[in-house]
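A.B. asks: In UniProt numbering, the protein residues as written are 1 to 351.
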């Protein structure tokens, strides 16, 4: 949805289109080079325009601009996305707040946050914009049609072990669909990356403008190779782990904490891994090669455990089970192509 369109700078006489009471404001805008925007999209600024021929305020455009500001976290980034100046967006929000009689954004030189009224407007604006998008998509593509370009983001290990195996059948089922699968072990900016859905695994999702839908739970357990355990011994108690060579995930903190819940108590072990990696598949290969003891998610460990390449360590103790979320930007409903993808993912997680 285009909010504003650039056009040649108009003659200063266009300022006469504004009402007499706002003539000074119009002159100011002319000298700033912004009169073009105001004139061409006067529907956004009805409070300054009172002449025949001008439309009512384009509330959808205002909602779209406000949503982008909140999602991007700054006027500058939102303005860059929309191809307008930050000052113009700032004036737009100010006019919106004046028309509503409420402050929507609390702004300082370094931060920006939603007020209670702003949160209400933001949530309802998203619902309205998504409803309009859904209607347009259904009319344009046909109700229920799965087509277009689907952009998916996931971690490398999850994408390779869970998503990749079902993609041939998924693409065969929807021949009119184009797919981009981006595998990244970092949390990406969905808006900037243009992703339709991102699969994220974590204990809980923070509050944000994004929508997280739980689609599963990931079990993680402690493993080592039979050869390593034969050489180094089998731990009988969580404290025994400290005597072993630990292989762990690449984290920001120097120490890594394993929280283990047993039959009668919970232990927290602060460990300093000898080897670190940011990818579960790399950790799996290191453990199979006898490089130590480490934790793996079930979607990575099930195969090696079944083949006997890895043995579970301390089977009576459980690690926390992070949840698997499908993260989208829509609060109203998902696009049909996203729904179709998640249906296949749901089946894969339960197979």
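All residues carry an ideal CB built from backbone N, CA and C; glycine is no exception.
1) Say yes only if the C-beta of residue 296 is nearer than 6 Å to one or more non-hydrogen atoms of the ligand ZN, and no if none qualify.
2) Looking at C-alpha atoms only, which residue of 65, 323, 345 is the closest neighbour of residue 125?
3) Please list the segments of the alpha helix (DSSP H) lying wholly inside the stretch 147 to 207, counting only runs of 4 or more residues, in order along the chain.
4) Excluding the 5 residues flanking residue 276 on each side, which residues of the same chain have their C-beta closer than 6 Å to its C-beta?
5) Out of curiosity, what's the CA-to-CA distance linking residue 274 and residue 221?
6) Kindly list the residues whose CB is nearer than 6 Å to the CB of residue 342, restricted to its own chain and excluding five residues on each side of it in sequence; keep chain order.
7) State the Cα-Cα distance for the pair residue 119 and residue 195, rounded to the nearest angstrom.
8) Name the one or two DSSP bridge partners that residue 239 has.
9) By the three-class DSSP mapping on this structure, what secondary structure does residue 317 have?
10) Residue 92: buried (16+ other C-beta within 10 angstroms of its C-beta) or exposed?
11) Is DSSP giving residue 112 helix, strand or coil here?
12) Among 280, 179, 282, 317, which residue has its Cα nearest to the Cα of residue 264?
13) Enumerate in chain order the residues of its own chain whose CB-to-CB distance from residue 294 is below 8 Å, with the five nearest sequence positions on each side excluded.
14) Hey, out of 292, 150, 267, whose CA is closest to residue 339's CA?
15) Once you ignore the five residues that flank residue 155 on each side, which residues in its own chain have a CB closer than 6 Å to its CB?
16) Which residue or residues does DSSP assign as beta-bridge partners of residue 311?
17) Count the other C-beta atoms from every protein chain shown that fall within 10 angstroms of the C-beta of residue 136, then say buried if there are 16 or more, exposed otherwise.
18) Would you report the Cα separation of residue 311 and residue 271, rounded to the nearest angstrom?
19) Which parts of the stretch 53 to 129 are runs of the alpha helix (DSSP H), unbroken and 4 residues or longer, counting only runs that do not cross its ends?
20) On the DSSP bridge assignment, give the partners of residue 276 in chain order.
21) Would you say residue 132 lies against chain B (beta-carbon separation less than 7 Å)?
22) Have a look at the DSSP bridge pairing and note the partners of residue 323.
23) Here's the rule: buried if 16 or more other CB atoms are within 10 angstroms of the residue's CB, otherwise exposed. What is residue 53?
24) Taking the CB atoms as reference points, tell me whether residue 78 and residue 72 lie closer together than 7 Å.
25) Using only the alpha-carbon positions, how far apart do residue 297 and residue 219 sit?
26) Count the other CB atoms, across all protein chains shown, that sit within 10 Å of the CB of residue 67; report buried if there are 16 or more and exposed otherwise.
27) Between residue 97 and residue 104, which are expected to be in contact by the criterion C-beta below 8 Å, what is the C-beta distance as a whole number of angstroms?
28) Assign residue 400 to one of three DSSP states: helix, strand, or coil.
29) May I ask you to report which of helix, strand or coil DSSP gives residue 304?
30) Just grab the DSSP bridge partners of residue 258 for me.
C.D. replies: To lay it out plainly:
1) Although the ligand ZN was asked about, the structure shown includes no ligands whatsoever.
2) 65
3) 164 to 173, 190 to 193
4) 248, 250
5) 19 Å
6) 326
7) 24 Å
8) Looking at the DSSP assignment, residue 239 forms no beta bridge with any residue, so it has no partner.
9) Three-state DSSP puts residue 317 in coil, outside helix and strand.
10) buried
11) Residue 112: strand per DSSP, three-state reduction.
12) 317
13) 222, 223, 224, 246, 247, 248, 273, 283, 286, 287
14) 150
15) 185
16) Residue pairing by DSSP places residue 311 opposite 224 in a beta bridge.
17) exposed
18) About 20 Å.
19) 59 to 72, 75 to 82, 86 to 100
20) 248
21) Of the chains in the structure shown, none is chain B; there is only one protein chain.
22) 202, 217
23) Residue placement at residue 53 is poorly supported in this model, since its pLDDT is 33, which falls under 50; the coordinates are not used for a value here.
24) yes
25) 6 Å
26) Buried, since its Cβ has 16 or more Cβ neighbours within 10 Å.
27) Indeed they touch by this definition, with Cβ atoms about 5 Å apart.
28) What the structure shows of the chain is the stretch from 1 to 351, and residue 400 is not part of that stretch, so it cannot be assessed.
29) helix
30) 269
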